[in-house]
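Participant: Below: one structure in structure tokens.
Protein chains: 2
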Amino acid sequence: MAKRTFLGEFELMILLAILHLGDEAYGVPVSRELENYCGRSIALGSVYASLERMENKGLVSSSVGDPTPERGGKAKRYFRVTGEGLREVQETRQVLTRLWQGLPQITEWKGRQA
Amino acid sequence: MAKRTFLGEFELMILLAILHLGDEAYGVPVSRELENYCGRSIALGSVYASLERMENKGLVSSSVGDPTPERGGKAKRYFRVTGEGLREVQETRQVLTRLWQGLPQITEWKGRQA
DNA sequence: TGCCATTTCTTCAATAATAGTGAATATATG
DNA sequence: CATATATTCACTATTATTGAAGAAATGGCA
Chain Y
1 MAKRTFLGEF ELMILLAILH LGDEAYGVPV SRELENYCGR SIALGSVYAS LERMENKGLV
61 SSSVGDPTPE RGGKAKRYFR VTGEGLREVQ ETRQVLTRLW QGLPQITEWK GRQA
Chain W
1 MAKRTFLGEF ELMILLAILH LGDEAYGVPV SRELENYCGR SIALGSVYAS LERMENKGLV
61 SSSVGDPTPE RGGKAKRYFR VTGEGLREVQ ETRQVLTRLW QGLPQITEWK GRQA
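Keeping their order, the protein sequence lines are chains Y and W.
At position 55 of the first sequence the residue is numbered 55 (our numbering), and the sequence of numbers has no breaks.
At position 88 of the second sequence the residue is numbered 88 (our numbering), and the sequence of numbers has no breaks.
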């Protein structure tokens, strides 16, 4: 069996999106948030699948809210990042930050070139 | 078929390790470099597998050097990050940087807590 | 009132791609 | 030939992606 591994890129981004959204972190806005940050479309199914896996690993927890009084206002499943999830994000950030420090070809790039 | 996706966490780290190593970037030191940065052991096979995939995707290129005059000095396969590989690293870094900006619970963490 | 179309959100099933492992293989030198 | 360095291989596990189906709610209209 494959042993414990890194946080996947997608997992990392989802965790960060949840932190950004705070109390409004359920599947749909998480997906929208990612699309905004990444500039590409994200399949909702992949977000839910990843959330499911991360809940099993203890990186996020979820709770189902009440239905809202609006058309299609089905109860939402809200997600939070657990302490362990936060720790993993922090560690990943540390490693990446160290890795791209001292690499001018990376860090001096300011965005898509003209 | 799954469409084009993000750079995986592992792929990203390998690309960064290659950039750090410059002219000495072949399988073994790449793996060692990762172990140093990540603080965990890395299976050599997984590094080669990832390098292989990335070469197919055009993110790295490789060339086989000459044997070196030392015991077991088998010819090495050196890797370089291509222009496209570099661009992907840069874009990934941009997205991640934006995502963890404004999150004090992430950015104000200075390392493994005492 | 009682349906049903519509909306919002979640789950599912199936496939592709990536990660990880241990053993095997290839080539050097001493 | 034993040993050292490096790469490749075969196989399994985990993660990513997609498209469609399922659940639950409201709004409007006969």
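Beta carbons are placed, not taken as given, at the ideal position from N, Cα and C, and that holds for glycine.
Is there at least one Cβ from chain W nearer than 9 Å to VAL89 of chain Y's Cβ?
Facilitator: Mapped onto the first sequence, residue 89 of chain Y falls at position 89. Cβ-Cβ to chain W under 9 Å: yes for VAL89 of chain Y.
Participant: With three or more C-beta pairs closer than 8 Å as the rule, is the region 57-67 of chain Y touching the region 76-95 of chain Y?
Facilitator: They touch, by the three-pair rule.
Participant: Where DSSP assigns a beta bridge to PHE79 of chain Y, which residues make up the other side?
Facilitator: Locating residue 79 of chain Y in the first sequence gives position 79, where the first residue counts as 1. DSSP, once it has assigned bridges, lists Y:SER62 as partnering PHE79 of chain Y.
Participant: Quick one: using the 10 Å Cβ neighbour count with 16 as the cut-off for buried, is LYS76 of chain Y buried or exposed?
Facilitator: For this step, residue 76 of chain Y is matched to residue 76 along the first sequence. When all chains shown are included, LYS76 of chain Y counts as buried.
Participant: Between W:SER63, W:GLY22 and W:GLU91, which lies nearest to TYR78 of chain W when the distance is taken from Cα to Cα?
Facilitator: What you label residue 78 of chain W is simply residue 78 of the second sequence in a count that begins at 1. Here the closest residue by C-alpha is W:SER63.
Participant: Could you compute how far the alpha carbon of VAL47 of chain W sits from the alpha carbon of PRO69 of chain Y?
Facilitator: Within the second sequence, the letter at position 47 stands for residue 47 of chain W. Within the first sequence, the letter at position 69 stands for residue 69 of chain Y. Going from the Cα of VAL47 of chain W to the Cα of PRO69 of chain Y covers about 52 Å.
Participant: If you drop the 5 nearest sequence neighbours on each side, which residues of the same chain put their C-beta closer than 6 Å to that of ILE106 of chain Y?
Facilitator: Taking the first residue of the first sequence as position 1, residue 106 of chain Y is located at position 106. Cβ neighbours of ILE106 of chain Y beyond the five flanking positions: TRP100.
Participant: Along chain W, which residues have their Cβ under 9 Å away from the Cβ of ILE106 of chain Y?
Facilitator: As a first step, residue 106 of chain Y must be located in the first sequence, where it is residue number 106. Near ILE106 of chain Y (Cβ distances below 9 Å), the residues of chain W are LEU16, LEU19, LEU86, VAL89, GLN90 and ARG93.
Participant: Leaving out five residues on either side along the sequence, give the residues of the same chain with a beta carbon under 8 Å from the beta carbon of LYS74 of chain W.
Facilitator: Position 74 of the second sequence, counted from the first residue, corresponds to residue 74 of chain W. Excluding positions up to five away in sequence, the list reads PRO67.
Participant: PHE79 of chain W CB to nearest chain Y CB: under 9 Å?
Facilitator: Against the second sequence, residue 79 of chain W aligns to sequence position 79. No, because no Cβ of chain Y sits closer than 9 Å to the Cβ of PHE79 of chain W.
Participant: Name the one or two DSSP bridge partners that TYR48 of chain Y has.
Facilitator: The residue given as residue 48 of chain Y occupies position 48 in the first sequence. DSSP, once it has assigned bridges, lists no residue as partnering TYR48 of chain Y.
Participant: Determine the closest residue to PRO104 of chain W out of Y:ILE14, Y:ALA25, Y:HIS20 and Y:GLY102, with distance taken between C-alpha atoms.
Facilitator: Numbered from 1 along the second sequence, position 104 holds the residue referred to as residue 104 of chain W. For PRO104 of chain W, the nearest C-alpha among the options comes from Y:HIS20.
Participant: With distances taken Cα to Cα, identify the nearest neighbour of GLU33 of chain Y among Y:MET13, Y:GLY65, Y:GLY45 and Y:ASP23.
Facilitator: Your numbering for residue 33 of chain Y matches position 33 in the first sequence. For the residues Y:MET13, Y:GLY65, Y:GLY45 and Y:ASP23, the minimum Cα distance to GLU33 of chain Y belongs to Y:MET13.
Participant: Identify, in the order they occur along the chain, each residue of the same chain with its Cβ nearer than 8 Å to the Cβ of LEU51 of chain W, setting aside the five sequence neighbours on each side.
Facilitator: One-based indexing of the second sequence puts residue 51 of chain W at position 51. For LEU51 of chain W, where only same-chain residues beyond five positions count, the Cβ hits under 8 Å are ILE14, GLY27, VAL30, VAL60, SER62 and PHE79.
Participant: Suppose the cutoff is 6 Å on Cβ atoms and the five residues either side in sequence are ignored; what does the same chain contact list for ALA2 of chain Y look like?
Facilitator: As a position in the first sequence, residue 2 of chain Y is number 2, starting the count at 1. Summary for ALA2 of chain Y: the model assigns pLDDT 46, below 50, so the residue's position carries little reliability; its value from the coordinates is reported in the next sentence. No residues qualify anywhere along the chain.
Participant: With DSSP as the reference, identify every bridge partner of TYR26 of chain W, one or two as the case may be.
Facilitator: Against the second sequence, residue 26 of chain W aligns to sequence position 26. Bridge partners of TYR26 of chain W: W:TYR78.
Participant: Starting from GLU11 of chain W and walking both ways along the alpha helix (DSSP H), at which residues does that stretch end?
Facilitator: Taking the first residue of the second sequence as 1, we reach residue 11 of chain W at position 11. Counting along the chain, the alpha helix (DSSP H) containing GLU11 of chain W begins and ends at 9-21.
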